[in-house]
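Chemist: Quick one: this structure, given as structure tokens, is what I'll be asking you about.
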Amino acid sequence: MTTSPVSPPRSAPLAPTPPAAKPAPATARVNDTAVSIGAEPSGRARWIILGAVGLLFVVPILSMVEFTFRDGLAGAYTLDHWTVLFDPEENSRYRQLFAAIGNSLTLAVVTVAIVLLVLLPTMILVHLQFPRLRRVLEFICIIPITVPAIVLVVGLAPVYGVVTRLLGGSVWTLAFAYGITVLPYAYRAIQANIDAVDMVTLSEAARSLGAGWGSVLARVLLPNLRRGILAGSLISVAVVLGEYTIASLLNRQNLQTALVQVSKSDPYVAVIFALLALLLVFVLLLLIGRVGSTRPGRTSP
Amino acid sequence: MTVAPSPAAPTRRRRGWVRYLGLTPFAFYVLLFLAVPTAIALGTGFLDAEGSFTLDNLSALLDPVILGAFASSFWVSALTAVVGAVVGALVCYALLGTRADGAVRSTVDSASSVLAQFGGVMLAFAFIATIGIQGLVTVVLREQFGIDIYADGVWLYQVPGLVLPYIYFQVPLMIITFMPALQGLKPQWAEASATLGGSRVTYWLRIAGPVLAPSFLGSLLLLFANAFSSYATAAALISQGAQIVPLQIRGALISETVLGRANVAGALALGMIIVMVVVMTAYSVLQSRTTRWQQ
């Protein structure tokens, strides 16, 4: 076996350019075919849709930017709201906010670890070994949508009483609750990939060629599931960094609760931090996305 | 690899409970952090202040104010789910054929992840800056075009004010949840359709459409559930009153000083979960149809 993931024709839609079997220079021509038979939009249709929607979605962000430069209600503009952040004497007021950002990043990492170490192996195991339990697993994974955070938090309070006694009250323990919150999203992302890849045949083929289970997992299943795993991790990060309900009602500090606190005394700084947080997370997700798409094995057909 | 079992004992034949050991971490985790909290939360709806069984809290669900909150939650969720699903699906379609590792796709993916679930509190900030009383769009419309969007009163801090912020996180969520399904369309189907003389319309109406329909409706229901249970944006935007169900629950939770109100939260949660169970049951049915054609 080579190091490239096993890509039988069935999993072709997951490859970067749909018909993976064709050589790379043919990409443009392949897309032309897809457009002419109607499977893909034409270039013009694509840019009209993306342009219109993109424009509408940029307006609130631009409004936030404009707001941070306002000097009161008079209509004049100032840089003061930004410069104060770089003033060592002034920005100590926001130290709590920086700590809260650190808390949220820690929570994101631990939550993704829970997704990858608890949910993902279970999904693969169920799909390969317990086909009858697939529906049960799916049912369990969508329960957190049926049980919203604000309902869950009532019951989580006593549970966290126990958790705090056993593991201490540090902020990362909140990730146990967040692992449940992200369950439906992570599940959907990974399952969509599992559904599109014939994992049973792939693993049986690899096994019959003499691969051990570790090899099957590392060199056949995970490479074929990488887009789902990546998508699941990305949405988990976004969910955790945006989480407000559970943190605020369990009295823990995270990014969102800190923003609400600051906005009451200084709306300009709250909006600046909201913008920076949006940008930071956007760049973070962009980086993770780039790393995921340039893994070895992608380039060699 | 060294982990290969001996040929005489294929994994499929492994005996009894040992096979199930691999499932225990997940089962234990879900039991502890999902099943137990849910049981505690719903159980309080049936308890009175002394902790004995009662159905009195449930009668609160018939209160006109609470029924009104359910109605508001319902129409806001339905409206934003439909708009979000249609616009989101259009964006997904526009993204077909772009390189999965290209700049366009990764930008849209990242932006969607950011907005779909990162928003919450910050979307309230964004829309106050946009269509607040002194918001950029409000001011431009008033001073350049003479249009006063608040001629009939300020609606941003009321239920109608939730519609635009909610759509702002519904569309990206649709892109995230629906894109994998759209990408799952096999190019061979379009080629086969074209080879057999099918037109664009034939392909989308009779092949891609039916294949995608369960996924689309499933995503639509997911969006509805997402809006129905959304709390942070509303909490940050609506400071006075509790016009939607999640705000009612919070009100009941934090007003523990008012005797007997705390357990009303449990009853409200129960009412909310009944709606959610109906929606998510329909979702499950659609999901089973999604997997049926793939097997």
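Top to bottom, those sequences are chains A and B. Per this note's numbering, residue 1 is the first one in the first sequence, and the count goes up by one each step. Per this note's numbering, residue 1 is the first one in the second sequence, and the count goes up by one each step. Note that CB positions come from ideal geometry on N, CA and C, so glycine has one too. In this text the structure is predicted, and so the values were computed from the model without any measurement.
(1) In terms of residue numbering, what span does the alpha helix (DSSP H) encompassing B:D48 cover?
(2) Hey, is A:S63's beta-carbon within less than 8 Å of any beta-carbon in chain B?
(3) When you compare the region 213-228 of chain B with the region 234-242 of chain A, are there three or more beta-carbon pairs, one atom per stretch, that lie closer than 8 Å?
(4) B:R19 versus chain A: which residues are under 7 Å apart at the beta carbon?
(5) Do A:I61 and B:I176 have their CB atoms nearer than 8 Å?
(6) Return the Cβ separation of B:Y93 and B:L237 in integer angstroms, given the expectation that the two are a contact with Cβ distance under 8 Å.
(7) I need the straight-line Cα distance from A:V258 to B:D63, nearest angstrom please.
(8) For the region 55-86 of chain B, enumerate the residues whose C-beta is nearer than 7 Å to any C-beta of chain A, in chain order.
(9) How would you list, in chain order, the residues of chain A whose beta-carbon sits under 9 Å from the beta-carbon of B:S284?
(10) Can you tell me the Cα-Cα spacing of B:G45 and B:N226, whole angstroms?
(11) If we cut at 8 Å on Cβ distances, does A:G72 have a partner in chain B?
(12) Compute the Euclidean distance between the alpha carbons of A:I180 and A:L279, then round it to the nearest angstrom.
(13) Express the C-alpha separation of A:L156 and A:V162 in angstroms, rounding to a whole number.
(14) How is B:D152 classed by DSSP in three states: helix, strand or coil?
(15) From this set, B:V76, B:I249, B:I273, B:L136, which residue's C-alpha is nearest B:V264's C-alpha?
(16) Taking a Cβ distance cut-off of 8 Å, strictly less, list which residues of the region 186-214 of chain A are near chain B, in chain order.
(17) What residue range does the alpha helix (DSSP H) around A:P302 cover?
(18) Does any residue of chain B have a CB that is nearer than 8 Å to the CB of A:R46?
(19) Taking the alpha-carbon positions, what's the A:F86 to A:R93 distance?
(20) May I ask you to list, following chain order, the residues of the region 204-217 of chain B that have a beta carbon less than 9 Å from some beta carbon of chain A?
(21) What number of angstroms, rounded off, separates the C-alpha of A:V53 from the C-alpha of A:S104?
(22) Quick check on B:P25 - is its C-beta less than 8 Å from some C-beta in chain A?
(23) Mind pulling the chain A residues with CB within less than 9 Å of B:A41?
(24) Within 10 angstroms of the Cβ of A:V271, are there 16 or more other Cβ atoms? Answer buried if so, exposed if not.
(25) Enumerate in chain order the residues of its own chain whose CB-to-CB distance from B:L123 is below 7 Å, with the five nearest sequence positions on each side excluded.
(26) For B:V277 and chain A, any beta-carbon pair shorter than 8 Å?
(27) Do you know how far the Cα of A:G210 is from the Cα of A:A192?
(28) Quick one: measure Cβ to Cβ for B:A282 and B:M174, integer angstroms, because I've assumed they're closer than 8 Å.
(29) Are any of the Cβ atoms in chain B nearer than 8 Å to that of A:S104?
(30) Between B:P246 and B:S229, which are expected to be in contact by the criterion C-beta below 8 Å, what is the C-beta distance as a whole number of angstroms?
(31) Using alpha carbons as the reference points, say which of A:A149, A:V154, A:L250, A:E138 lies closest to B:Y231.
(32) Taking Cβ-Cβ distances below 8 Å as the criterion, which residues of the region 236-251 of chain A are in contact with chain B?
(33) Are at least three pairs of beta-carbons, each pair with one atom in the region 105-123 of chain A and one in the region 189-203 of chain B, less than 8 Å apart?
(34) By alpha-carbon positions, which one of A:I190, A:R134, A:W82, A:N251 ends up nearest to A:G169?
(35) Can you find a C-beta in chain B that's less than 8 Å from the C-beta of A:A277?
(36) Below 8 Å on the Cβ atoms is my guess for A:I142 versus A:P184; work out the distance and round it to an integer in Å.
Modeler: So, from the data block:
(1) Membership of B:D48 in any alpha helix (DSSP H) is not indicated, and neither H nor E is assigned to it by DSSP.
(2) Taking Cβ atoms only, chain B reaches closer than 8 Å to A:S63, which makes this a yes.
(3) no
(4) Q129
(5) no
(6) That belief does not hold up - the Cβ atoms of B:Y93 and B:L237 are roughly 32 Å apart, past 8 Å.
(7) In the sequence as displayed, the identity of residue 258 of chain A is Ala instead of Val. Spanning the two alpha carbons is a distance of roughly 35 Å.
(8) none
(9) R135, E138, F139, I142
(10) 23 Å
(11) no
(12) 26 Å
(13) Each residue's Cα considered, the two are about 10 Å apart.
(14) coil
(15) B:I249
(16) Correct list: R188, A189, A192, N193, D195, A196, A211, G212, W213, G214.
(17) Residue 302 of chain A cannot be examined here, being either before or after the span of chain A that is shown, 1 to 301.
(18) yes
(19) 12 Å
(20) W204, A208, S215
(21) Inter-residue distance for A:V53 and A:S104 is about 30 Å (C-alpha atoms, whole angstroms).
(22) Chain A, which has a Cβ nearer than 8 Å to the Cβ of B:P25, makes this yes.
(23) Ordered by position in chain A, the residues that pass the 9 Å Cβ test against B:A41 are V147, V151, L152, V153, V154, G155, L156.
(24) When all chains shown are included, A:V271 counts as buried.
(25) P165, Y168, F169, T233
(26) At a cut-off of 8 Å between beta-carbon atoms, B:V277 makes contact with chain A.
(27) If you take the alpha carbons of A:A192 and A:G210, they lie about 28 Å apart.
(28) About 17 Å separates the two Cβ atoms, so there is no contact after all.
(29) no
(30) 7 Å
(31) Nearest in C-alpha terms to B:Y231, of all of A:A149, A:V154, A:L250, A:E138, is A:A149.
(32) V237, A238, V239, L241, G242, E243, Y244, T245, L249
(33) no
(34) A:N251
(35) With 8 Å as the cut-off, A:A277 counts as an interface residue toward chain B.
(36) 5 Å
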